[in-house]
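Presented below is the structure to which this report refers.
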Amino acid sequence: MDGKTGILLGDGSYHLGISGTVDTKTFNSLLRGEDPVTGMAAFRNSGLDSRTCMWDMTYSVTKSQSTLYSQLDENGQKEIEDILRQSVIQTMDHVQRHLKVGRNGKREKEMCKLIFSTFVHESSREGDPQLHLHCLLHNMGIDNNGNYVTLDIQNIFKAKKSIGAIFRATFSQKLMEFGYHVEREEERPEFTYIPEISSKVCARFSKRRQQIIQSVQDKGLSHFSARTLELIARSSRKPKTKRSREEVLLQWRTAGAAAGFGPSQAQELRKEAQARGPATVKSLPKKETIL
């Protein structure tokens, strides 16, 4: 059911005049390392199979937030998608303004304008609601002189926890600005949840987590780290099954209603948020203290 229209973003895309809906020709040019406007090679290795063409930076929201999204109507879902995309834009703006990822001819890193394609996906591999955005960072930056540079993303890897924290804080803040209630998790205060959606309802849409925990137990592990869970999750992934969006939404909404939080409860929560208006939120930490 995934596969919504992609959007090209980043200061590099604005510089080139290609921001907006992703089209196949432009996307393929970026993958090959070609100027998407002229079609000319931008690098010596443009078009070669050995060239690294992009990196996938995936931004996911928490289960209660995904559950809310799954039960809303089309307008409500679009509002959440817009909040998600704007949160990623702001996060990537922090990245390109505070991390040196461009690589010039002297092999020195420098600030550069980034180009990234964004695609919103709605489900996990098990078919549960899992709202996330794939931010495909193209291996083409633009330096201060308007020249193309390749990227060295080691600084992004080093700052990935901070980048994730910026995204989660921004997304939570924007939910609150819309009017939704948001609270911090006790065990993971850097993550937030929507208190009106119970853990019982979230568990109904957490088949993948239950499978991972079962795998841990099957291996006889009584103590395990987040890294262990991540490795087990990757090793036990299944390919996504293809079903129509209408079929999946009907399944989600039927299950949600049976668990006590269905479309009617979601719409009521949205109406209350709209009537309540923006909550008072604390500003994000200064960028320099995070990156």
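Position in the sequence shown counted from 1, then plus 1, gives you the numbering used here. Positions of the beta carbon are idealized from the N, C-alpha and C atoms, including for glycine.
Opening and closing residue of the beta strand (DSSP E) in which residue 6 lies: Translated into the one-based positions of the sequence shown, residue 6 becomes position 5. For residue 6, no beta strand (DSSP E) encloses it, and the DSSP letter there is neither H nor E.
Candidates 124, 92, 257: closest to residue 173 by CA position: The residue given as residue 173 occupies position 172 in the sequence shown. The residue with the shortest Cα to Cα distance from residue 173 is 92.
Span separating the alpha-carbon of residue 249 from that of residue 129: Here residue 249 refers to the residue found at position 248 of the sequence shown. Here residue 129 refers to the residue found at position 128 of the sequence shown. So the alpha carbons of these two residues sit roughly 9 Å apart.
Short Cβ contact (8 Å threshold) for residue 87 with residue 114: Translated into positions along the sequence shown, residue 87 becomes position 86. Translated into positions along the sequence shown, residue 114 becomes position 113. The answer is no: Cβ separation not under 8 Å.
Pair within 8 Å by beta-carbon distance, residue 198 and residue 183: Along the sequence shown, one-based indexing puts residue 198 at 197. Along the sequence shown, one-based indexing puts residue 183 at 182. Pairing residue 198 with residue 183 gives a Cβ-Cβ distance that is not under 8 Å.
Supposed contact pair residue 153 and residue 322 - C-beta distance, whole angstroms, cut 8 Å: Within the shown structure, residues of the chain are numbered from 2 to 292, placing residue 322 beyond reach of any answer.
Beta bridge counterpart(s) of residue 199 as assigned by DSSP: Looking up residue 199 in the sequence shown gives position 198. According to DSSP, which records beta bridges pairwise, residue 199 is partnered with nothing at all.
Endpoints, the beta strand (DSSP E) within which residue 121 is located: If you number the sequence shown from 1, residue 121 lands on position 120. Where residue 121 is concerned, the enclosing beta strand (DSSP E) stretches over 117-124.
Three-state class that DSSP yields for residue 264 in the structure shown: Residue mapping note: residue 264 aligns to position 263 of the sequence shown, counting from 1. In this structure, residue 264 counts as helix in the three-state DSSP scheme.
Inter-residue spacing [alpha-carbon to alpha-carbon] between residue 180 and residue 14: In the sequence shown, counting from the first residue as 1, residue 180 sits at position 179. In the sequence shown, counting from the first residue as 1, residue 14 sits at position 13. Roughly 32 Å between the two C-alpha positions.
Element boundaries [alpha helix (DSSP H), containing residue 99]: Translated into the one-based positions of the sequence shown, residue 99 becomes position 98. Run containing residue 99: 75-99, per the alpha helix (DSSP H) assignment.
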